[in-house]
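Here is the structure we will look at, set down as structure tokens.
Number of protein chains: 2
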Amino acid sequence: MLFSNITILNENLEIEKNKYVKVSGDRITYIGDVKPEDGYSREYDGRGKLLMSGFFNGHGHSPMSLMRGYGENMALQDWLFKKIFPFEDQLDSSAVYWGTMLAMAESLRYGIVSTSDMYYFCDDMARAVIESGAKANISRSITNPMGSPLSELASLNEMKEFYEGFHNAAGGRIKVDMSLHAEYTSNPETAMALADYARSLDDTIMHIHVSETKSEHEECIARHGLTPAAYLEKMGLFDVPAIAAHCVYSDDDDLEIFKSRGVTVATNPVSNMKLASGICNVQKIIDMGINLAIGTDSVASNNSLDFMEEMKVMTIGCKAHTGDPTAVTPKDALRAATFGGAKAQGRAESGSVKEGNKADLIVIDISQPNMHPVHNLINNMVYSCSGKDVVLTMVDGKVLYDNGEYTTIDIEKTIFEAQRSTEKILERL
Amino acid sequence: MLFSNITILNENLEIEKNKYVKVSGDRITYIGDVKPEDGYSREYDGRGKLLMSGFFNGHGHSPMSLMRGYGENMALQDWLFKKIFPFEDQLDSSAVYWGTMLAMAESLRYGIVSTSDMYYFCDDMARAVIESGAKANISRSITNPMGSPLSELASLNEMKEFYEGFHNAAGGRIKVDMSLHAEYTSNPETAMALADYARSLDDTIMHIHVSETKSEHEECIARHGLTPAAYLEKMGLFDVPAIAAHCVYSDDDDLEIFKSRGVTVATNPVSNMKLASGICNVQKIIDMGINLAIGTDSVASNNSLDFMEEMKVMTIGCKAHTGDPTAVTPKDALRAATFGGAKAQGRAESGSVKEGNKADLIVIDISQPNMHPVHNLINNMVYSCSGKDVVLTMVDGKVLYDNGEYTTIDIEKTIFEAQRSTEKILERL
Numbered sequence: 002m003l004f005s006n007i008t009i010l011n012e013n014l015e016i017e018k019n020k021y022v023k024v025s026g027d028r029i030t031y032i033g034d035v036k037p038e039d040g041y042s043r044e045y046d047g048r049g050k051l052l053m054s055g056f057f058n059g060h061g062h063s064p065m066s067l068m069r070g071y072g073e074n075m076a077l078q079d080w081l082f083k084k085i086f087p088f089e090d091q092l093d094s095s096a097v098y099w100g101t102m103l104a105m106a107e108s109l110r111y112g113i114v115s116t117s118d119m120y121y122f123c124d125d126m127a128r129a130v131i132e133s134g135a136k137a138n139i140s141r142s143i144t145n146p147m148g149s150p151l152s153e154l155a156s157l158n159e160m161k162e163f164y165e166g167f168h169n170a171a172g173g174r175i176k177v178d179m180s181l182h183a184e185y186t187s188n189p190e191t192a193m194a195l196a197d198y199a200r201s202l203d204d205t206i207m208h209i210h211v212s213e214t215k216s217e218h219e220e221c222i223a224r225h226g227l228t229p230a231a232y233l234e235k236m237g238l239f240d241v242p243a244i245a246a247h248c249v250y251s252d253d254d255d256l257e258i259f260k261s262r263g264v265t266v267a268t269n270p271v272s273n274m275k276l277a278s279g280i281c282n283v284q285k286i287i288d289m290g291i292n293l294a295i296g297t298d299s300v301a302s303n304n305s306l307d308f309m310e311e312m313k314v315m316t317i318g319c320k321a322h323t324g325d326p327t328a329v330t331p332k333d334a335l336r337a338a339t340f341g342g343a344k345a346q347g348r349a350e351s352g353s354v355k356e357g358n359k360a361d362l363i364v365i366d367i368s369q370p371n372m373h374p375v376h377n378l379i380n381n382m383v384y385s386c387s388g389k390d391v392v393l394t395m396v397d398g399k400v401l402y403d404n405g406e407y408t409t410i411d412i413e414k415t416i417f418e419a420q421r422s423t424e425k426i427l428e429r430l
Numbered sequence: 002m003l004f005s006n007i008t009i010l011n012e013n014l015e016i017e018k019n020k021y022v023k024v025s026g027d028r029i030t031y032i033g034d035v036k037p038e039d040g041y042s043r044e045y046d047g048r049g050k051l052l053m054s055g056f057f058n059g060h061g062h063s064p065m066s067l068m069r070g071y072g073e074n075m076a077l078q079d080w081l082f083k084k085i086f087p088f089e090d091q092l093d094s095s096a097v098y099w100g101t102m103l104a105m106a107e108s109l110r111y112g113i114v115s116t117s118d119m120y121y122f123c124d125d126m127a128r129a130v131i132e133s134g135a136k137a138n139i140s141r142s143i144t145n146p147m148g149s150p151l152s153e154l155a156s157l158n159e160m161k162e163f164y165e166g167f168h169n170a171a172g173g174r175i176k177v178d179m180s181l182h183a184e185y186t187s188n189p190e191t192a193m194a195l196a197d198y199a200r201s202l203d204d205t206i207m208h209i210h211v212s213e214t215k216s217e218h219e220e221c222i223a224r225h226g227l228t229p230a231a232y233l234e235k236m237g238l239f240d241v242p243a244i245a246a247h248c249v250y251s252d253d254d255d256l257e258i259f260k261s262r263g264v265t266v267a268t269n270p271v272s273n274m275k276l277a278s279g280i281c282n283v284q285k286i287i288d289m290g291i292n293l294a295i296g297t298d299s300v301a302s303n304n305s306l307d308f309m310e311e312m313k314v315m316t317i318g319c320k321a322h323t324g325d326p327t328a329v330t331p332k333d334a335l336r337a338a339t340f341g342g343a344k345a346q347g348r349a350e351s352g353s354v355k356e357g358n359k360a361d362l363i364v365i366d367i368s369q370p371n372m373h374p375v376h377n378l379i380n381n382m383v384y385s386c387s388g389k390d391v392v393l394t395m396v397d398g399k400v401l402y403d404n405g406e407y408t409t410i411d412i413e414k415t416i417f418e419a420q421r422s423t424e425k426i427l428e429r430l
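Here the protein sequences line up with chains A and B, keeping their order.
Here the first sequence is numbered in the numbering used here, starting from 2 and rising by one per residue.
Here the second sequence is numbered in the numbering used here, starting from 2 and rising by one per residue.
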């Protein structure tokens, strides 16, 4: 495939105009000013369009798309105990499959090519992701709220089986990460056992909820005399590459831990604001040189997978929080949304429009009124662009979404089955 | 025109399915379960669609669309004095016309049917709004930073001429409001002269920036021993119906003034966050029964006119600010975006899907993945809908935007001329 006369956001996050970009197999094989003579079966007219890396979602729970708009405007504990947990208790393999497929459809519509996805029924999640053509780092979230003996934790074995069965499946589109759900939903024995297992693997990533709420952060200190970050480091969970999701209340010492251990912070600006958890000072994270990724969290607390919105809310939220209008530039947001997320997922060959990289790309319509005039296209990309200005999404060189059409997902069936799965669960409640 | 088999958001902000809604002339003439036999030339297939009131933008500066993305990530004073004011000094009649037309195109795309629009070159603004088919309450913003004698203030005469020439023009689509820019950009004599003039008119609305930033609020107290709201009331500016824009730092006594004087608060959540001004506690405003409208402010500080985004950011911003996830419900947001804004603009026959009302309506595509499953469509409307899910915008019964096409605006010419006007100004700087 050849993108002709297209504007690109290059690997240095600069705008270049009137470029030709060729994709062969799953790679970007040419970027230049001269039109290649042949070697492509489709030529895409790039006038009025921008080509950039797809978005890498640093923290999600795809199957929870079934809970979109379910139980809104409730206090956190009521929402969890009266709505979310009872619904989750009724989930089954089919519901998780269709919830994940719906999330993949929405993700591809909004330009998300890969998601760090933490949940359970992971085989069903992987099946949906593989069929959709998207990528995901899927982790079986380990909880052990009662501190049960490890021998009684089926989830640990599930996780190991899932790793053995699916890690690097579908040509590497699926990666299996490890996940301790959080400090407050487990105990030290569980944390250390998981760290042991992760260290025994050549190649995995640890994905954990960290300091999402003030009470979680403070109760950890009361329990262990350590912040969540310090506790998790002590348990050995940062001995492998890791994603710390949220980090709204992480303090300066915590950030030093992330920095020294190479932990990525995945911030979830919309979800954190909507659940009234707070606002993460991402400027500080950027200033310290910590890798930053952006997550949507689940649709149950977002309630969409609109990554343009996520970038904008991250920047304006941090400006409001710090009182500093210069905080978090559009480039910072674009870097986190693409390269930062890809790096966090161990996908070093993705996240940039660069020759030799994987062709995980999106096309944005920049011809519309909301994108004009153009003083600076980078500013418009983050502050003025609509999520629905994404008009094409490509993963590993395959077009998965193109101007209203999905090539791999039966969208009518997906919406129908997701709705039906939801209704069946509600009937049982 | 007949909307058939359509879901509606009715005047009580409840969802009703499979309705028929007939528009004759500029009015909604029928809402019911039975299909009318005749009296329409176009039948609109409403399956998978929702019909609701258009959005009423409570605070904007349309011509500033020319400054989209111009001078970002700067401290407020630098941004104003190095970028915005020098650019504004170069504006002319043609630039204002095309900037306004661009804003109208974007507004209609995002479902905004009417804007409370404060700026200057008001004749050119009115000309663009009239041609676009949209509605606006336009006010000539009065400033008098040096405290010049009133006889030297050309803006006061301009404003009077504009009122006489344009109030209720285009069948009432144009209304002329009064505007004192703000306390900090004028002096008491100017404020009182404007209040005198406003009281002399049968029918006008006062539109003022109030307590947008902490320093503005505090400096007013230092100058006058009164908050901006108390000062403006004392000057007589709330003797006519009024819109107080921003009110981020308005205190409890200020809110009592708004309540007792029937002043509308127009909150501008995206702009306030992006400029790091702060977050307005709109829940308190709602609790006190003050009329609430939502504004976009200008595209120079937003940087879009996406009203779905504005509603979502208002709700989640207030939840984060108050620490209360139950703050500001989706219904609160929908009410402010429609009925609250229409009421603020003195457009009592708009803002609801109701028989006899003006047909200022929008259609939303609710068939897409981001709107499923449906536990509660009202929740999805505010938290999950994309601005670009608006597929039709109608003002006074005329379709102005329909599935990618404008019926009144030459969109290519508008974008071209807006860009050219911008470049001509930049050349002169």
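Idealized CB from N, CA, C, for every residue including glycine.
| Query | Result |
| --- | --- |
| What residues in the stretch 33–53 of chain B have a beta carbon less than 9 Å from any beta carbon of chain A? | none |
| Are B/Leu-103 and B/Ala-419 close, meaning C-beta to C-beta below 9 Å? | yes |
| Would you verify that the beta carbon of A/Lys-344 is, or is not, closer than 9 Å to some beta carbon of chain B? | no |
| Tell me, which residues are paired with B/Met-236 by DSSP? | Beta-bridge pairing links B/Met-236 to no other residue. |
| In whole angstroms, what separates the C-alpha of B/Val-241 from that of B/Ser-385? | 38 Å |
| By the 7 Å beta-carbon criterion, what residues does the stretch 54–80 of chain B contribute toward chain A? | Leu-67, Arg-69, Gly-70, Tyr-71, Glu-73, Asn-74, Met-75, Ala-76, Leu-77 |
| Are three or more beta carbon pairs between the stretch 69–85 of chain A and the stretch 350–366 of chain A nearer than 8 Å? | no |
| What residue does the alpha helix (DSSP H) around B/Asn-380 start on, and which one ends it? | 378–384 |
| Is B/Gly-405 closer than 9 Å to B/Lys-176 when the C-beta atoms are compared? | no |
| Using alpha carbons as the reference points, say which of A/Lys-332, A/Asp-307, A/Gly-263 lies closest to A/Gln-284. | A/Lys-332 |
| Three or more C-beta pairs under 8 Å: does that hold for the stretch 315–324 of chain B against the stretch 271–285 of chain A? | yes |
| Applying the 10 Å Cβ sphere with the 16-neighbour rule, what's the burial state of A/Val-400? | buried |
| Would a C-beta distance cut-off of 9 Å place B/Ser-422 and B/Trp-99 closer than the cut-off? | yes |
| Buried or exposed: B/Glu-15, going by 16 or more other Cβ atoms within 10 Å of its Cβ? | exposed |
| Can you confirm whether A/Ser-94, when its beta carbon is compared against all beta carbons of chain B, has any partner nearer than 9 Å? | no |
| Any beta carbon from chain A within less than 9 Å of B/Gln-419's own beta carbon? | Note on identity: in this sequence residue 419 of chain B is Ala, with Gln being the wrong assignment. Interface residue, yes. |
| Assuming A/Phe-82 is part of the beta strand (DSSP E), what are its boundary residues? | Where A/Phe-82 is concerned, there is no enclosing beta strand (DSSP E), given that its DSSP letter is neither H nor E. |
| Classify A/Gly-47: buried if its beta carbon has 16 or more other beta carbons within 10 angstroms, exposed otherwise. | buried |
| Go through its chain and collect everything with a Cβ distance to B/Val-207's Cβ below 6 Å, but skip five positions before and after it. | Note on residue identity: the sequence assigns Met, not Val, to residue 207 of chain B. Counting only Cβ-Cβ distances below 6 Å, and skipping sequence neighbours, we find Met-179, Ala-199, Leu-238, Val-241, Ala-243. |
| For the alpha helix (DSSP H) containing B/Arg-435, name the first residue and the last one. | Because chain B here runs from 2 to 430, residue 435 of chain B falls outside it and cannot be looked at. |
| Going by DSSP, name the residue or residues bridged to A/Gly-61. | A/Asp-118 |
| List the residues of chain A whose Cβ lies closer than 9 Å to the Cβ of B/Lys-275, in chain order. | Lys-313, Thr-316, Ile-317, Lys-320, Ala-321, Pro-326, Tyr-384 |
| To be precise: take each residue of the stretch 386–400 of chain A, compare its Cβ to all Cβ atoms of chain B, and keep it if any distance is under 9 Å. Which residues remain? | Cys-386, Ser-387, Gly-388, Lys-389, Asp-390 |
| Cα separation between B/Lys-50 and B/His-373? | 13 Å |
| For the beta strand (DSSP E) containing A/Ile-365, list its first residue and its last residue. | 362–366 |
| Looking only at its chain, what residues have a beta carbon closer than 8 Å to the beta carbon of B/Lys-235, apart from the 5 residues adjacent to it on each side? | Leu-227 |
| What is the DSSP secondary structure of A/Asn-358, reduced to helix, strand or coil? | coil |
| So which residues of chain A does B/Gly-279 contact, with C-beta pairs closer than 7 Å? | Ala-321 |
| If B/Glu-132 and B/Thr-408 are in contact, beta carbons under 8 Å, what's the gap, nearest whole angstrom? | Rounded, the Cβ-Cβ distance is 12 Å, inconsistent with contact. |
| Cα separation between A/Asp-252 and A/Asn-145? | 26 Å |
| Would you call the stretch 112–123 of chain B in contact with the stretch 56–63 of chain B, where contact means no fewer than 3 C-beta pairs closer than 8 Å? | yes |
| By the 10 Å Cβ neighbour count, where 16 or more other Cβ atoms means buried, how is A/Asn-13 classified, buried or exposed? | exposed |
| Please compile the residues from chain A whose C-beta is within a distance smaller than 7 Å of the C-beta of B/Pro-374. | Leu-67, Arg-69, Ala-419, Gln-420, Thr-423 |
| Starting from the C-beta of A/Arg-174, find all residues in its chain whose C-beta is less than 6 Å away, skip the five residues before and the five after it, and write them out in chain order. | Lys-136 |
| Alpha carbon to alpha carbon, how far is B/Met-126 from B/Val-97? Give it in angstroms, no decimals. | 7 Å |
| Would you call the stretch 379–398 of chain A and the stretch 300–316 of chain A touching, i.e. three or more CB-CB distances under 8 Å? | yes |
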